[in-house]
Amino acid sequence: MVYPVHPDYTTITSVYNADYVKSILAYNGGSVVAMKGKNCVAIATDLRFGVQAQTITTDFERVFEVGPHLYIGLPGLVTDTQTVLQRLKFRIKMYEMREGRKVKPRTLMAMVQNLLYERRFGPYFVEPVIAGLDPVTKDPYICALDLIGCPCEPADFVVSGTSSESLYGMCETTWREDLEPDDLFECIGQSLINAFDRDALSGWGAVVHVIEEDKVTTRHIKSRMD
Amino acid sequence: MATERYSFSLTTFSPSGKLVQIEYALAAVAAGAPAVGIKAKDGVVLATEKKHKSILVEEHSIIKVEMITDHIGMVYSGMGPDYRLLVRQARKVAQQYYRTYLEPIPTPQLVQRLAAIMQEYTQSGGVRPFGVSLLICGWDLDRPYLFQCDPSGAYFPWKATAMGKNFINGKTFLEKRYNEDLELDDAVHTAILTLKESFEGQMSSDNIEIGICNSQGFRRLTPAEVQDYLANIA
Numbered sequence: 001m002v003y004p005v006h007p008d009y010t011t012i013t014s015v016y017n018a019d020y021v022k023s024i025l026a027y028n029g030g031s032v033v034a035m036k037g038k039n040c041v042a043i044a045t046d047l048r049f050g051v052q053a054q055t056i057t058t059d060f061e062r063v064f065e066v067g068p069h070l071y072i073g074l075p076g077l078v079t080d081t082q083t084v085l086q087r088l089k090f091r092i093k094m095y096e097m098r099e100g101r102k103v104k105p106r107t108l109m110a111m112v113q114n115l116l117y118e119r120r121f122g123p124y125f126v127e128p129v130i131a132g133l134d135p136v137t138k139d140p141y142i143c144a145l146d147l148i149g150c151p152c153e154p155a156d157f158v159v160s161g162t163s164s165e166s167l168y169g170m171c172e173t174t175w176r177e178d179l180e181p182d183d184l185f186e187c188i189g190q191s192l193i194n195a196f197d198r199d200a201l202s203g204w205g206a207v208v209h210v211i212e213e214d215k216v217t218t219r220h221i222k223s224r225m226d
Numbered sequence: 227m228a229t230e231r232y233s234f235s236l237t238t239f240s241p242s243g244k245l246v247q248i249e250y251a252l253a254a255v256a257a258g259a260p261a262v263g264i265k266a267k268d269g270v271v272l273a274t275e276k277k278h279k280s281i282l283v284e285e286h287s288i289i290k291v292e293m294i295t296d297h298i299g300m301v302y303s304g305m306g307p308d309y310r311l312l313v314r315q316a317r318k319v320a321q322q323y324y325r326t327y328l329e330p331i332p333t334p335q336l337v338q339r340l341a342a343i344m345q346e347y348t349q350s351g352g353v354r355p356f357g358v359s360l361l362i363c364g365w366d367l368d369r370p371y372l373f374q375c376d377p378s379g380a381y382f383p384w385k386a387t388a389m390g391k392n393f394i395n396g397k398t399f400l401e402k403r404y405n406e407d408l409e410l411d412d413a414v415h416t417a418i419l420t421l422k423e424s425f426e427g428q429m430s431s432d433n434i435e436i437g438i439c440n441s442q443g444f445r446r447l448t449p450a451e452v453q454d455y456l457a458n459i460a
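From first to last, the protein sequence lines stand for chains A and B. Each residue of the first sequence is one higher than the one before, starting from 1 at the first, in this note's numbering. Each residue of the second sequence is one higher than the one before, starting from 227 at the first, in this note's numbering.
1) Please look up how many angstroms separate the CB atoms of E177/A and D146/A, rounded, as I've assumed it's under 8 Å.
2) Buried or exposed for F227/A, going by 16 or more other Cβ atoms inside 10 Å?
3) Which bits of chain A does P332/B rub up against, with CB to CB less than 9 Å?
4) Would E275/B and I418/B qualify as a contact pair, given that the criterion is a beta-carbon distance under 8 Å?
5) Starting from the beta carbon of Y327/B, find every residue of chain A whose beta carbon is closer than 7 Å, and list them in chain order.
6) If the cut is a Cβ gap below 9 Å, which residues of chain A does Q335/B touch?
7) Just reading off the alpha helix (DSSP H) that M94/A is part of, what are its end residues?
8) Any chance the segment 71-83 of chain A sits against the segment 113-121 of chain A, with 3 or more Cβ pairs inside 8 Å?
9) What residues in its chain sit with their C-beta under 8 Å from that of I289/B, if we drop five residues either side in the sequence?
10) What do you reckon, are the CB atoms on E96/A and K102/A nearer than 8 Å?
11) What residues in the segment 28-54 of chain A have a beta carbon less than 9 Å from any beta carbon of chain B?
12) Which residues, taken in chain order from the segment 191-204 of chain A, show a beta carbon closer than 8 Å to some beta carbon of chain B?
13) Among G351/B, E406/B, F393/B, Q453/B, whose alpha-carbon lies nearest the alpha-carbon of L236/B?
14) With DSSP collapsed to three states, give me the class of Y455/B.
15) Based on the DSSP output, what are the partners of L272/B in its beta bridges?
16) On the DSSP bridge assignment, give the partners of F143/A in chain order.
17) Between A110/A and E284/B, what straight-line distance do the alpha-carbon atoms span, to the nearest angstrom?
18) Let me know if E292/B comes out buried or exposed under the rule of 16 or more other beta-carbons within 10 Å of its beta-carbon.
19) Are the beta-carbon atoms of L400/B and T387/B separated by less than 8 Å?
20) Output the boundary residues of the beta strand (DSSP E) element that contains K318/B.
21) Could you compute how far the alpha carbon of A155/A sits from the alpha carbon of C187/A?
22) By the DSSP assignment, the alpha helix (DSSP H) with Y168/A in it spans what residues?
23) Looking at V63/A and V207/A, is the spacing between their C-beta atoms short of 8 Å?
24) So what's S196/B in DSSP terms, helix, strand or just coil?
25) Nearest CA to the CA of G132/A: which residue from K215/A, A26/A, S31/A?
26) For G443/B, collect the residues of the same chain with a Cβ closer than 8 Å to its Cβ; drop the 5 residues on either side in sequence, then sort them by chain order.
27) Within a Cβ cutoff of 6 Å, which residues of the same chain sit near I56/A, ignoring the five residues on either side of it in sequence?
28) In terms of residue numbering, what span does the beta strand (DSSP E) encompassing K36/A cover?
29) Which same chain residues end up closer than 8 Å to L367/B when comparing Cβ atoms and leaving out the 5 residues on each side of it in sequence?
30) Assuming contact is defined by CB atoms lying nearer than 8 Å, are L115/A and R87/A in contact in what I supplied?
31) Identify, in the order they occur along the chain, each residue of the same chain with its Cβ nearer than 7 Å to the Cβ of K38/A, setting aside the five sequence neighbours on each side.
32) Buried or exposed for V21/A, going by 16 or more other Cβ atoms inside 10 Å?
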């Protein structure tokens with residue numbers, strides 16, 4: 001069975017009796033959002049891991065730490081989440097050993113872009129989200145990429161995953177410039193929860209990382225568990 | 227390339243443990259035109275002699291001090307044609323780095339990659355080592371860099387160094403004249419004096435080439451600028 005290249009093409013992916021016609025990026029479900037605040041960034045993920053309609057685990061985090069103040073979220077097909085993370089970590093470690101310095105957020109974006117575009121005609125089904133602070137200047141940075149590596153570096157927030165459309169709506173209304181870390185936590189937490197509550201394939205709680213100059217605060221939010 | 231026909235390396239150990247091909251390559255370098263590099267507080271200077279065998283040679287068509295990226299420059303002692311290949315490869319390496327990381331290549335990274343290429347030619351089938359030593363200058367992350375790359379693939383960071391004909395005298399001269407507080411202008415002046423030590427005849431803006439690298443990036447000095455510095459020496 002050959003998976004189509006463009007995620008808008010649909011295919012019957014289930015071999016069970018109750019077949020669904022879905023996009024591959026929605027096979028496992030999951031959502032990630034990142035926001036910029038005042039001298040801080042926040043990135044949040046839902047915790048559901050499922051196979052189409054069936055929920056398998058409720059503790060699957062799809063946001064990973066790849067540097068002291070650098071996080072990447074990889075929503076999409078979970079096998080690719082895992083593989084892209086492994087291959088990316090390999091490249092990051094080699095870079096840090098060769099260059100003797102930590103990867104900057106924008107450099108991480110370039111590396112992810114390269115990794116994804118290498119598979120332009122048979123892509124990884126992940127749409128990454130990066131959030132971090134520059135190791136030297138401490139400038140906040142967020143960006144999102146599509147599955148073939150096109151980056152988007154806005155000044156406010158980025159969203160990705162099965163509830164991305166609801167997330168856009170929630171973030172657009174709740175985000176303000178220069179939110180302090182605690183306010184940013186509330187903003188991103190509420191945006192994510194209310195967005196994925198309207199999505200069957202995301203949810204089962206959220207984990208939020210707020211990244212400040214001197215610390216990273218990770219909080220687990222309990223939401224409606226369905 | 228000859229590597230398709232030869233599967234064995236032509237650079238092999240002698241009983242005393244030396245790689246004679248590399249020794250010979252270094253001899254080719256030592257017979258080449260002198261080149262000097264000096265690191266100052268606020269920049270780096272590269273200078274080289276550009277003597278021509280005949281007065282009929284069109285001097286300004288041959289360029290020895292080459293730009294690799296906006297912020298990195300290079301000069302050599304030894305065989306010109308080998309140098310041209312390395313310039314091309316250095317430029318390619320720098321652009322590939324930019325494509326992968328969207329960041330200008332740090333000078334030490336370029337030097338490491340270039341040195342790895344030079345080392346390949348001492349251990350691959352059917353090829354000979356490069357007959358050049360390179361002087362690479364760069365400015366990134368708010369500081370100057372000066373490196374030398376040898377035919378063996380070894381690379382050295384320098385504060386100041388000389389290569390090519392009479393390099394021993396050149397280095398001795400620099401050991402006396404160098405100090406950590408040199409500004410770029412003084413460094414250019416010192417570089418010209420170092421070249422003068424081994425120069426036969428009259429120096430002019432037609433037979434030496436100077437490049438500088440500072441926070442504004444790398445550039446070659448125009449003949450007029452070179453003339454100004456030369457006037458200060460006389």
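Glycine residues also receive a C-beta, built at the ideal position from the N, C-alpha and C atoms.
The answer reads as follows:
1) Taking the first sequence and counting its residues from 1, one reaches residue 177/A at position 177. Taking the first sequence and counting its residues from 1, one reaches residue 146/A at position 146. Contact flag wrong, Cβ pair sits at about 26 Å.
2) Nothing can be reported for residue 227/A, as the shown portion of chain A is limited to 1 through 226.
3) Within the second sequence, the letter at position 106 stands for residue 332/B. The answer, in chain order, is E99, R101.
4) Numbered from its first residue, the second sequence carries residue 275/B at position 49. Numbered from its first residue, the second sequence carries residue 418/B at position 192. Not a contact, by the Cβ cut-off of 8 Å.
5) Working through the second sequence from its first residue, we reach residue 327/B at position 101. In chain order: T107, A110, M111.
6) As a first step, residue 335/B is located in the second sequence; it is residue number 109 there, counting from the start. Going along chain A in sequence order, the residues near Q335/B (Cβ under 9 Å) are R98, E99.
7) For the purposes of this step, residue 94/A is identified with residue 94 of the first sequence, where counting begins at 1. Counting along the chain, the alpha helix (DSSP H) containing M94/A begins and ends at 78-99.
8) Taking a contact to require three or more Cβ pairs closer than 8 Å, the segment 71-83 of chain A and the segment 113-121 of chain A do not qualify as touching.
9) Counting from 1 along the second sequence, the entry for residue 289/B is found at position 63. E435, R446, listed in sequence order.
10) Counting from 1 along the first sequence, the entry for residue 96/A is found at position 96. Counting from 1 along the first sequence, the entry for residue 102/A is found at position 102. Yes.
11) none
12) For the segment 191-204 of chain A, the beta-carbon criterion of a distance under 8 Å to any beta-carbon of chain B is satisfied by none of its residues.
13) To locate residue 236/B, count along the second sequence from 1; it is residue 10. With distances taken between Cα atoms, L236/B lies closest to G351/B.
14) Here residue 455/B corresponds to residue number 229 of the second sequence, with the count starting at 1. Helix at Y455/B.
15) Within the second sequence, residue 272/B is the residue found at index 46, counting from 1. BP columns for L272/B point to G263/B, G437/B.
16) Here residue 143/A refers to the residue found at position 143 of the first sequence. Before going further, note that residue 143/A is Cys rather than Phe in the sequence given. According to DSSP, which records beta bridges pairwise, C143/A is partnered with I130/A.
17) Your numbering for residue 110/A matches position 110 in the first sequence. Your numbering for residue 284/B matches position 58 in the second sequence. Taking the straight line joining both Cα atoms gives about 44 Å.
18) Taking the second sequence and counting its residues from 1, the one referred to as residue 292/B is at position 66. With 16 or more other Cβ atoms within 10 Å, it is buried.
19) By one-based count along the second sequence, residue 400/B stands at place 174. By one-based count along the second sequence, residue 387/B stands at place 161. Yes, the Cβ-Cβ distance between L400/B and T387/B is below 8 Å.
20) Taking the first residue of the second sequence as 1, we reach residue 318/B at position 92. That residue, K318/B, is in no beta strand (DSSP E); its alpha helix (DSSP H) goes 306-327.
21) Counting from 1 along the first sequence, the entry for residue 155/A is found at position 155. Counting from 1 along the first sequence, the entry for residue 187/A is found at position 187. The alpha-carbon atoms of A155/A and C187/A are separated by roughly 16 Å.
22) Numbered from its first residue, the first sequence carries residue 168/A at position 168. Unbroken alpha helix (DSSP H) run through Y168/A: 164-174.
23) What you label residue 207/A is simply residue 207 of the first sequence in a count that begins at 1. What you label residue 63/A is simply residue 63 of the first sequence in a count that begins at 1. Yes. Within cutoff.
24) Outside the displayed span of chain B (227 to 460) sits residue 196/B, for which this structure offers no information.
25) As a first step, residue 132/A is located in the first sequence; it is residue number 132 there, counting from the start. For the residues K215/A, A26/A, S31/A, the minimum Cα distance to G132/A belongs to K215/A.
26) In the second sequence, the residue the question calls residue 443/B occupies position 217. Closer than 8 Å at Cβ, skipping near neighbours: D296, H297, W365.
27) Residue mapping note: residue 56/A aligns to position 56 of the first sequence, counting from 1. Closer than 6 Å at the Cβ level, and outside the excluded window around I56/A, lie F49, G50.
28) Position 36 of the first sequence, counted from the start, is the residue given in the question as residue 36/A. K36/A -> beta strand (DSSP E) spans 31-36.
29) If you number the second sequence from 1, residue 367/B lands on position 141. Here the set comprises P332.
30) Within the first sequence, the letter at position 115 stands for residue 115/A. Within the first sequence, the letter at position 87 stands for residue 87/A. In this structure, R87/A lies closer than 8 Å to L115/A by Cβ.
31) Residue mapping note: residue 38/A aligns to position 38 of the first sequence, counting from 1. D178, L179, E180, listed in sequence order.
32) The residue given as residue 21/A occupies position 21 in the first sequence. Any reading at V21/A must be qualified, since the residue scores a pLDDT of 46, below 50, and its modelled position is unreliable; no value is offered.
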